[in-house]
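Quick note on the working numbering: the sequence shown kicks off at 141 and runs consecutively.
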Amino acid sequence: MSDPLPDPFEFMKKLWNPMGLPMPGMVAPTLDLDAVEKKITDLKSVESWLNLNLNMLRLSIQGLEMQKNALAAMTAMQSGPADAGGQSAKNPFPDPSAWWTMMQAAAASAATAKPAEAKPADETPAKAKPK
Numbered sequence: 141m142s143d144p145l146p147d148p149f150e151f152m153k154k155l156w157n158p159m160g161l162p163m164p165g166m167v168a169p170t171l172d173l174d175a176v177e178k179k180i181t182d183l184k185s186v187e188s189w190l191n192l193n194l195n196m197l198r199l200s201i202q203g204l205e206m207q208k209n210a211l212a213a214m215t216a217m218q219s220g221p222a223d224a225g226g227q228s229a230k231n232p233f234p235d236p237s238a239w240w241t242m243m244q245a246a247a248a249s250a251a252t253a254k255p256a257e258a259k260p261a262d263e264t265p266a267k268a269k270p271k
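Right, here's the structure in full:
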């Protein structure tokens, strides 16, 4: 029991630095309080920056999902009546060529029809009453 107590700093040094070679990705711990506080402050600023980027990424994903849903709804509206009836939706506007065809047919039938015979006018014009 006469063994002196081991130095905790020596134990920590052996733990973090085996064989005197630094391990990749490991940071040697500092014993300076100001350096530790500075490191904490730096890491908190990195955390807030990463949170900001994460929120921006989430907003971008939500915007793209909304765009995808809007495009899907528009394509469903366009193809909806065609899929339901098996044919394209009826055009609400009348066909202008049908009107033109009807007018041509009416003009052709009027040109080929026999003109009706005119009734002869009275032979004697009505006598005007004297004033």
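For each residue, glycine too, the CB sits at the ideal point set by N, CA and C.
Predicted, not measured: the structure shown is a model, and the values here were computed from it.
query	result
Element boundaries [alpha helix (DSSP H), containing A282]	Past the boundaries of the shown model lies residue 282; the chain is included only from 141 to 271, so the question cannot be answered.
Three-state secondary structure assigned by DSSP to F233	coil
Proximal residues to T170 (C-beta, below 7 Å), its chain only, five neighbours per side dropped	V176
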